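What follows is one structure encoded as structure tokens, with my remarks underneath.
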Amino acid sequence: MRPVAILGAAQTRHVARRDDANYAELAFEVVEALLANTGISHDRIDTVVTASSDFWDGRTISDMAVQDAVGAAGKSASKVSMDGVFALAYAAARVNSGAYKTCLVVAHGKTSEGDPRRISTAAFDPIFERPLGLDDHAALGLEASFHVDPRRGACAISEQQLAVAAADAWTRAARNPNAHRQETRTVDQILDSPLVADPLREDMLAPDSDGACAVLLADEGTGRRLGASVWLEGFACATHAHPIGGFGMGSAPRLSNLAEEACGQAGLEGAHEIEVAEVHDASSVQTMYLHDGLDLRADVLFNPSGGAMGAQPGFATGLVRVTEVYERLARGEGRVGLAHGQTGFVGKAHGVWILRRR
Amino acid sequence: MGDKVAIIGAGQTDHKSRRLDVCAPELVQEAVDLALLDAGLGPDAVDAVVIGNMEHFEGIHLSDLYASEGTRCTGKPHIKIATGGTTGSSLAQAAYYLVAGSLYRTVMAVGWERLSDSEGETTTGIVTAFDPIYERPTLAGAVSGLAVMANQYQSRHRVRSEDAALVVVTARENASRNPHAHLRKTVSVAEVLSSPMLSTPIRYLDMCPTSDGACAVVFTSDAGARPAAWVRGVSSRHNHTYLGDVMEGARSYINTLASAAEDAYRQAGIVDPRKEFDVVEMYEPCTWAALSWAESLRLAPIGEAASLWSSGAARIDGDLPINPSGGVLSANPIGATGLIRVAEASLQVRGRAGARQVDGVRTALTTGFGGSNWNEVMILGDRP
Chain P
49 MRPVAILGAA QTRHVARRDD ANYAELAFEV VEALLANTGI SHDRIDTVVT
99 ASSDFWDGRT ISDMAVQDAV GAAGKSASKV SMDGVFALAY AAARVNSGAY
149 KTCLVVAHGK TSEGDPRRIS TAAFDPIFER PLGLDDHAAL GLEASFHVDP
199 RRGACAISEQ QLAVAAADAW TRAARNPNAH RQETRTVDQI LDSPLVADPL
249 REDMLAPDSD GACAVLLADE GTGRRLGASV WLEGFACATH AHPIGGFGMG
299 SAPRLSNLAE EACGQAGLEG AHEIEVAEVH DASSVQTMYL HDGLDLRADV
349 LFNPSGGAMG AQPGFATGLV RVTEVYERLA RGEGRVGLAH GQTGFVGKAH
399 GVWILRRR
Chain A
21 MGDKVAIIGA GQTDHKSRRL DVCAPELVQE AVDLALLDAG LGPDAVDAVV
71 IGNMEHFEGI HLSDLYASEG TRCTGKPHIK IATGGTTGSS LAQAAYYLVA
121 GSLYRTVMAV GWERLSDSEG ETTTGIVTAF DPIYERPTLA GAVSGLAVMA
171 NQYQSRHRVR SEDAALVVVT ARENASRNPH AHLRKTVSVA EVLSSPMLST
221 PIRYLDMCPT SDGACAVVFT SDAGARPAAW VRGVSSRHNH TYLGDVMEGA
271 RSYINTLASA AEDAYRQAGI VDPRKEFDVV EMYEPCTWAA LSWAESLRLA
321 PIGEAASLWS SGAARIDGDL PINPSGGVLS ANPIGATGLI RVAEASLQVR
371 GRAGARQVDG VRTALTTGFG GSNWNEVMIL GDRP
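So the sequences go chain by chain: P and A. Read the first sequence against my numbering and you will find it ends at 406, with the numbers running on by one and no gaps. Read the second sequence against my numbering and you will find it ends at 404, with the numbers running on by one and no gaps.
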């Protein structure tokens with residue numbers, strides 16, 4: 049892909065419930081923050097792509113409710129019904145098509161307004177899977193059981209390792225003022241937390257959060273003119289088969305292909321060049337297999353924000369990863385970063401971005 | 021500028037009121053296979069899929085993932101678009117931008133809906149588009165907003181119900197030539213005027229049906245020597261969050277479509293749309309909308325669109341055929357409907373529209389319509 053400049057990014061503080069704001073107001077809040085950060089006004093934003101879920105918002109055409117809030121009315125705009133990392137791909141294509149110089153991407157998730165477990169059940173096959181009572185947590189549990197299966201020998205993850213990964217995520221989240229989880233947990237506390245979906249305990253699962261995120265992109269010429277320091281240079285994504293048994297649970301090989309493809313576009317030799325990475329980890333098993341599956345170095349700065357284990361605001365979760373990497377690179381902390389997002393429980397669709405500071 | 025983008029294949033199901041013989045992935049696969057056959061490509065040649073469907077109608081969350089196997093592109097990139105009535109036209113636009121922006125070389129747009137799964141409650145799904153506190157308690161779904169618009173149009177221009185009826189009479193004549201259309205039986209003006217009143221002035225036969233169906237269209241920057249329809253102009257506009265904004269006047273509908281159309285006309289170098297388009301595939305959810313929107317598109321002077329149908333100009337053998345496919349009035353699988361407009365226009369440009377082919381099509385206009393006055397325009401031509 050031709051590089052696309054990031055002119056700015058913003059996120060709300062993510063919390064369990066935002067009773068003071070509806071989801072359009074969350075989107076408004078984050079776009080206002082972005083405009084304030086960048087000093088760019090709505091009239092200089094050419095096009096808008098939003099990301100939201102009709103089921104999670106309880107509204108068909110959920111973008112209808114946010115378009116005024118994000119300044120899309122009267123503009124050529126669209127909506128992606130997936131995580132914001134996929135909306136970012138559409139936005140990059142829009143500016144690279146030459147039709148627009150700038151594109152605003154806004155994603156929101158207000159999980160407190162619904163019942164996330166019941167909503168996620170509706171994503172499973174209506175005939176073969178739903179009657180089993182599958183929901184996102186149950187599916188994450190099945191995925192985790194694959195990874196802890198002793199028959200995997202040396203590759204098997206232990207419950208202790210899961211708890212250590214979770215404790216680590218809680219600690220990093222507690223240092224991130226925007227994270228939903230602001231407390232720390234010891235390994236013992238995590239192992240004592242209620243069992244939700246064997247082998248996953250409550251503290252090993254990402255929380256359900258309310259929050260929003262916005263990223264402003266520009267084409268190469270505009271980005272250079274405005275002195276953009278951080279650029280999107282590579283993107284790869286792929287979709288797995290739908291049936292939950294239709295692919296190797298949490299199979300990592302495909303992830304390494306995505307990392308390799310995205311790194312290749314950015315002119316990197318491989319993911320070992322990545323200095324900072326943020327991934328959407330819906331469980332501690334995912335924290336572990338995403339690190340390994342994406343072929344990241346052992347000493348990479350990994351999910352410094354706490355990742356999705358620190359806050360999981362629906363379709364904004366992946367875009368928050370992009371924002372976290374962007375902010376770090378923009379501050380001069382590293383030159384090359386990777387941001388990962390996913391849609392569909394147990395990672396049915398993965399998207400990987402490479403960001404670079406110039 | 022971006023890469024030049026061509027449509028090289030289009031496929032669609034035979035749209036029906038109920039397709040109980042297939043599930044959604046199978047429905048999608050029918051359209052996908054026909055599109056790939058038309059393009060002369062195997063699934064391996066497709067680099068990415070944009071896929072669309074409105075989850076509230078089937079009650080399936082992440083329906084893109086559910087249907088992904090039907091695209092024959094599992095394992096590849098996909099992006100889901102869901103913008104309501106415009107879903108299909110938004111898919112076409114997304115596929116266009118992904119190719120024009122060089123993210124992918126060949127992208128297949130896939131849209132579908134199984135409105136029979138909503139068991140007669142399609143309107144219930146549509147009602148959820150509106151504000152839960154201020155609007156839902158008083159709103160009856162798609163028909164009411166269109167009726168407000170039709171009322172204003174009728175009173176402003178003193179248009180008769182007979183004039184509107186001619187739109188569906190022409191649409192059904194065309195649909196009788198289209199094997200994919202859901203409603204292929206011709207109707208008379210008298211039948212339209214005696215059909216039940218839904219919401220003044222919209223009668224049952226003035227309104228589009230609810231259908232099961234799917235459509236797939238292949239966009240590429242690598243058309244080679246294949247017969248191609250080239251994308252010449254792309255635009256979209258929408259303008260309100262609350263229905264009260266519509267009450268300000270039919271004008272607001274006209275503004276978003278006119279604004280999108282003028283933007284697309286500028287890109288395609290269209291000066292006189294009435295003379296320059298050889299065929300129009302318009303998203304007309306009801307007969308009255310076709311009249312009003314033909315004027316927004318500058319196909320007729322304000323208040324005079326009825327003459328397009330009464331003069332016969334809009335017929336397949338007229339000088340500005342409108343909806344030779346039979347239009348939305350003859351088939352409406354919502355997530356596919358807007359994409360069917362683009363598919364049909366591409367077939368017209370490529371000379372592959374069968375019994376509904378218009379002679380000598382070089383330039384075609386398509387539109388999409390949905391909630392919040394969302395209007396989309398795509399112009400196709402026989403040259404890049």
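For glycine and all other residues, C-beta sits at the position ideal for the given N, C-alpha and C. Small disclaimer: the values here were computed from a predicted structure and weren't measured.
Buried/exposed call for residue i, threshold 16 Cβ in 10 Å
{"i": "P344/A", "result": "buried"}
{"i": "M169/A", "result": "buried"}
{"i": "S89/P", "result": "exposed"}
{"i": "A375/A", "result": "exposed"}
{"i": "P301/P", "result": "Bear in mind that a pLDDT of 48 at P301/P, under 50, signals an unreliable position, so the model cannot answer this."}
{"i": "D163/P", "result": "exposed"}
{"i": "S330/A", "result": "exposed"}
{"i": "V172/A", "result": "The amino acid at residue 172/A is misidentified as Val; the sequence shows Gln. Result: buried."}
{"i": "K295/A", "result": "exposed"}
{"i": "H62/P", "result": "buried"}
{"i": "T103/A", "result": "buried"}
{"i": "S206/P", "result": "exposed"}
{"i": "V400/P", "result": "buried"}
{"i": "L417/A", "result": "Since the first residue shown for chain A is 21 and the last is 404, residue 417/A is missing from the structure and cannot be characterised."}
{"i": "K205/A", "result": "exposed"}
{"i": "L182/P", "result": "buried"}
{"i": "A117/P", "result": "buried"}
Sub-8 Å separation of residue i and residue j beta-carbons
{"i": "V368/P", "j": "Q59/P", "result": "yes"}
{"i": "A217/P", "j": "V235/P", "result": "no"}
{"i": "R252/A", "j": "A288/A", "result": "yes"}
{"i": "A192/P", "j": "V333/P", "result": "yes"}
{"i": "Y138/P", "j": "V97/P", "result": "yes"}
{"i": "V114/P", "j": "A75/P", "result": "yes"}
{"i": "S353/P", "j": "N224/P", "result": "yes"}
{"i": "A120/A", "j": "S366/A", "result": "no"}
{"i": "A167/A", "j": "G347/A", "result": "no"}
{"i": "A266/P", "j": "A276/P", "result": "yes"}
{"i": "F134/P", "j": "T391/P", "result": "yes"}
{"i": "A64/P", "j": "H228/P", "result": "yes"}
{"i": "T387/A", "j": "N393/A", "result": "no"}
{"i": "A356/A", "j": "C228/A", "result": "no"}
{"i": "H202/A", "j": "S316/A", "result": "no"}
{"i": "A69/P", "j": "E77/P", "result": "yes"}
{"i": "K24/A", "j": "S241/A", "result": "yes"}
Helix, strand or coil at residue i according to DSSP, with G and I counted as helix
{"i": "S206/P", "result": "coil"}
{"i": "C311/P", "result": "helix"}
{"i": "L367/P", "result": "helix"}
{"i": "N73/A", "result": "coil"}
{"i": "I399/A", "result": "strand"}
{"i": "S129/P", "result": "coil"}
{"i": "L403/P", "result": "strand"}
{"i": "T387/A", "result": "strand"}
{"i": "G189/P", "result": "helix"}
{"i": "M112/P", "result": "helix"}
{"i": "K36/A", "result": "strand"}
{"i": "L218/A", "result": "strand"}
{"i": "H18/P", "result": "Residue 18/P is absent from the model: chain P starts at 49 and stops at 406."}
Paired residues, beta bridge with residue i - DSSP
{"i": "L152/P", "result": "V96/P and L264/P"}
{"i": "M227/A", "result": "C306/A"}
{"i": "G358/A", "result": "Note: G358/A sits in no beta bridge, so no partner."}
{"i": "V130/A", "result": "I71/A and A236/A"}
{"i": "K158/P", "result": "D258/P"}
{"i": "H98/A", "result": "V69/A"}
Supposed close pair residue i, residue j - CB separation, criterion 8 Å
{"i": "Y224/A", "j": "S215/A", "result": "4 Å"}
{"i": "S126/P", "j": "S110/A", "result": "5 Å"}
{"i": "A254/P", "j": "D347/P", "result": "That pair is no contact at about 24 Å."}
{"i": "E108/A", "j": "G145/A", "result": "The displayed chain sequence assigns Gly, not Glu, to residue 108/A. Their Cβ separation, rounded to whole angstroms, is 16 Å, which puts G108/A and G145/A out of contact at 8 Å."}
{"i": "H81/A", "j": "I167/P", "result": "6 Å"}
{"i": "A262/P", "j": "V394/P", "result": "About 28 Å separates the two Cβ atoms, so there is no contact after all."}
{"i": "V244/P", "j": "H156/P", "result": "In fact, because the Cβ distance is near 26 Å, the residues do not count as touching under 8 Å."}
Near the ligand COA: residue i beta-carbon under 7 Å from a heavy atom
{"i": "A245/A", "result": "Questions concerning the ligand COA fall outside what the structure shown contains, since it holds no ligand whatsoever."}
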